[in-house]
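S.K.:
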Amino acid sequence: MIDISKESNFEILEMETDKDHIHLLIKSEPKVSVLSIVRKLKQESTNGLWKTQKEYLEKYYWGENMLWSDGYFASTIGNVSKETVEYYIRNQGVKLTLISPKLKT
753 MIDISKESNF EILEMETDKD HIHLLIKSEP KVSVLSIVRK LKQESTNGLW
803 KTQKEYLEKY YWGENMLWSD GYFASTIGNV SKETVEYYIR NQGVKLTLIS
853 PKLKT
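Quick note: the sequence shown uses the working numbering, first residue 753, plus one each step.
Following this line, the structure appears as structure tokens:
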């Protein structure tokens with residue numbers, strides 16, 4: 753995905769995978785639509801993986817050249833800092849203790 757972004761008009765600032773989805777922090781020009789970025793990432797990563805991992809993927813996807821679901825969620829950073837979003841993405845899959853152990857009952 754990093755390679756895809758290098759050849760495109762957006763930049764992946766942070767990326768982390770979870771069991772069944774991926775979190776990305778992307779920087780792009782306002783004129784670039786979120787849909788075009790998502791579409792490019794899904795199409796090119798699917799094509800690349802099917803070229804290199806065809807035998808493995810055929811076992812799970814019955815030979816259909818697919819990988820991603822149709823949906824996606826996108827949001828602007830909004831009221832939080834870029835650093836807060838980066839921290840959130842980096843810690844996906846990591847159990848965080850947000851409440852002081854002294855306060856737990």
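C-beta: ideal position from N, C-alpha, C; glycine also.
Can you tell me which of the three DSSP states I851 falls into?
M.R.: Locating residue 851 in the sequence shown gives position 99, where the first residue counts as 1. For I851, the predicted structure reports a pLDDT of 42, less than 50, and the residue's modelled location is therefore unreliable. A value from the coordinates is still provided. The answer is coil: DSSP assigns I851 none of H, G, I, E or B.
S.K.: Using CA coordinates, which residue listed in K834, F825 and R842 is at the minimum distance from R791?
M.R.: Taking the sequence shown and counting its residues from 1, the one referred to as residue 791 is at position 39. Considering only alpha carbons, the answer is F825.
S.K.: Counting only the same chain and skipping the five closest in sequence on each side, list residues whose C-beta sits under 6 Å from that of K834.
M.R.: Sequence index remark: in the sequence shown, residue 834 carries index 82 (1-based). Within the same chain, K834 has no close Cβ partners at all.
S.K.: Reducing DSSP to helix, strand and coil, say where L819 ends up.
M.R.: Mapped onto the sequence shown, residue 819 falls at position 67. Here L819 sits in coil by DSSP.
S.K.: Please classify L787: is it buried, with 16 or more other beta-carbons within 10 angstroms of its beta-carbon, or exposed?
M.R.: Position 35 of the sequence shown, counted from the first residue, corresponds to residue 787. That one is exposed.
S.K.: According to DSSP, simplified to helix, strand and coil, what is E766?
M.R.: Position 14 of the sequence shown, counting from 1, holds the residue named residue 766. Of the three classes helix, strand and coil, the one that applies to E766 here is strand, per DSSP.
S.K.: Cβ of I778 within 8 Å of Cβ of I764?
M.R.: Within the sequence shown, residue 778 is the residue found at index 26, counting from 1. Within the sequence shown, residue 764 is the residue found at index 12, counting from 1. Taking 8 Å as the Cβ cut-off, I778 and I764 qualify as a contacting pair.
S.K.: What's the call for I754, buried or exposed, on a 16-neighbour Cβ count within 10 Å?
M.R.: Counting from one through the sequence shown, the residue named residue 754 turns up at place 2. So I754 ends up on the exposed side.
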